[in-house]
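Using my numbering, the first residue of the sequence shown is number 29, and each one after it goes up by one.
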Amino acid sequence: MEANYQKTKEILESYGIRATSQRLEMAHLLLSAHKHFTAEEIFHLINSHFPHASRATIFNNLKLFSEKGVIGTLELKNGVTLYDSNMERHHHAVEEGTGRIIDVYLDEETESKVHALMKEELEKSTGKSWKNTRIMITLKGES
Ligand SMILES: [Zn+2]
29 MEANYQKTKE ILESYGIRAT SQRLEMAHLL LSAHKHFTAE EIFHLINSHF
79 PHASRATIFN NLKLFSEKGV IGTLELKNGV TLYDSNMERH HHAVEEGTGR
129 IIDVYLDEET ESKVHALMKE ELEKSTGKSW KNTRIMITLK GES
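In structure tokens, the structure reads:
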């Protein structure tokens, strides 16, 4: 097994996913792309490399990867879901008009401050304690 595939295998297993050869091929292609894809774009990417992979398998694996957190999801207006294969902790800026999406990195200290503040406000307004909270910040504007 090639070195990169070994790393991808370890990533899948660390998320509790059994690394079948199709999952491995698919995850490897996605994770080396560092992009925001629609489901349809992912289907075409995988299909162009592995024409033997069925549409159902590709979509099932995609669902599994996003449910387990191997890849992130990004909900855009008009209900489109994008899959994000950049595994580094980051946020997004969306350029209105063009729809271009740019990854934005915040230092850990800033991020945890914002996270703590939001969680505190949320718990105050709902009167409940929240767990497993995550923040995903989207900045929108024009350039
Ligand atoms: Zn991203």
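The beta-carbon is built from N, C-alpha and C at its ideal position, and this holds for glycine as well.
Reduced DSSP secondary structure (H/G/I, E/B, other) of Lys168: The residue given as residue 168 occupies position 140 in the sequence shown. If DSSP states are grouped into helix, strand and coil, Lys168 belongs with the strands.
Assigned secondary structure, Phe78 (DSSP; H/G/I helix, E/B strand, else coil): For the purposes of this step, residue 78 is taken as residue 50 along the sequence shown, with counting starting at 1. Coil at Phe78, not helix or strand.
For His62 and Ser113, believed in contact at Cβ under 8 Å, the rounded distance: Numbered from its first residue, the sequence shown carries residue 113 at position 85. Numbered from its first residue, the sequence shown carries residue 62 at position 34. Confirmed, about 6 Å.
Closer than 7 Å: residues whose CB approaches a heavy atom of ligand 1: Counting every residue whose Cβ lies closer than 7 Å to a heavy atom of ligand 1, we get His64, Gly100, Leu102, Asp112, Asn114, His118, His120, Ile129, Asp131.
Leu150 beta carbon less than 9 Å from that of Thr161: Residue numbering aside, residue 161 sits at position 133 when the sequence shown is read from its first letter. Residue numbering aside, residue 150 sits at position 122 when the sequence shown is read from its first letter. The answer is yes: Cβ separation under 9 Å.
Candidates Leu102, Lys141, Glu41, of which the one nearest Arg128 by Cα: Taking the first residue of the sequence shown as position 1, residue 128 is located at position 100. Of the candidates Leu102, Lys141, Glu41, the one whose C-alpha sits nearest the C-alpha of Arg128 is Leu102.
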